[in-house]
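Asks: Going by our numbering, the sequence shown opens with residue 1, and the numbers climb by one from there. Backbone N, C-alpha and C fix where the C-beta goes; we use that ideal spot for every residue, glycine too. Bear in mind the structure is a predicted one, so any value in this text is a computation, not a measurement.
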Amino acid sequence: MDLIGERWSMPLIRELLLGPRRFGDLKTALNGISANVLTQRLEGLEAAGVLVRRKLPPPASVQVYGLTPWGQEAAPIFQALGRWAVRSPQHDSSRPFSPVSLMLSLRTMMDPKAAGDLSATIQFDMADESFFWIRRQGDIRIGRGEVESPDLIFRGTPAEIAGYFYAGALLSSIEVEGDEALAVRLPSLYPMPPKAPSAGS
């Protein structure tokens with residue numbers, strides 16, 4: 001906690017788990033963080049060896065922040081925290097959150113037994129960004145970017161898509177292109193775990 005316990009540090013690491021981001025992208029994703037605090041957290045995590053700054057080659061020529069190999073090793077921590085947090089009696093899947101948060105949850109929360117031998121390539125278009133979810137031989141790979149010939153494309157906000165996967169929202173609440181039978185099946189692969197007993201119960 002001495003390394004990553006400052007406020008905003010863990011959400012910042014979360015946003016970098018799918019690859020380097022620009023300062024402005026991080027500020028947009030971390031709703032409510034000020035530029036000064038973001039600068040401080042980036043500097044602190046860089047000093048701790050969790051992330052590194054680098055400049056992209058031309059024509060981009062912009063500075064980005066990315067996790068070091070050691071920083072990437074934090075990924076299982078976020079998966080464990082995600083499984084733990086959804087059992088909170090106060091958990092609200094309809095609250096606004098970032099596209100990266102949704103993609104990480106779609107890797108973490110799938111029930112492997114329910115999925116069986118499912119192989120699929122799915123693209124998610126959210127907030128002017130594209131992400132992919134690929135399952136092959138039981139392994140799930142997620143990342144940024146478009147994929148060639150996906151079986152299915154979801155378009156919507158992270159909260160809208162999460163509402164369909166986790167909260168029983170209708171498929172018609174989001175835009176879907178491709179294998180509708182696959183789209184209909186997916187929520188059954190993401191059962192929500194039972195809530196933890198509330199205090200005094």
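1) With a threshold of 7 Å on Cβ separation, who are the neighbours of R155 within its own chain once the five nearest residues in sequence on each side are excluded?
2) Going by DSSP, what residues sit across from D179 in a beta bridge?
3) Contact defined as beta carbons within less than 8 Å: I believe I142 pairs with L18. What is the distance between those atoms, to the nearest angstrom?
4) CB-CB under 6 Å to G178, same chain, minus the five flanking residues each way: which ones, in chain order?
5) What residue range is occupied by the uninterrupted beta strand (DSSP E) comprising R53?
6) From T157 to L189, what distance separates their C-alpha atoms?
7) In whole angstroms, give me the CA-to-CA distance for L56 and A127.
8) So, with DSSP's three-state summary, where would you put S130?
9) Short check: CB of L45 to CB of F23, under 9 Å?
10) Identify, in the order they occur along the chain, each residue of the same chain with its Cβ nearer than 7 Å to the Cβ of Q79, setting aside the five sequence neighbours on each side.
Replies: The short version:
1) D125, I174 and E175
2) None, per the DSSP bridge assignment.
3) 7 Å
4) D151, L152 and I153
5) L51 to K55
6) 20 Å
7) 23 Å
8) strand
9) no
10) T108
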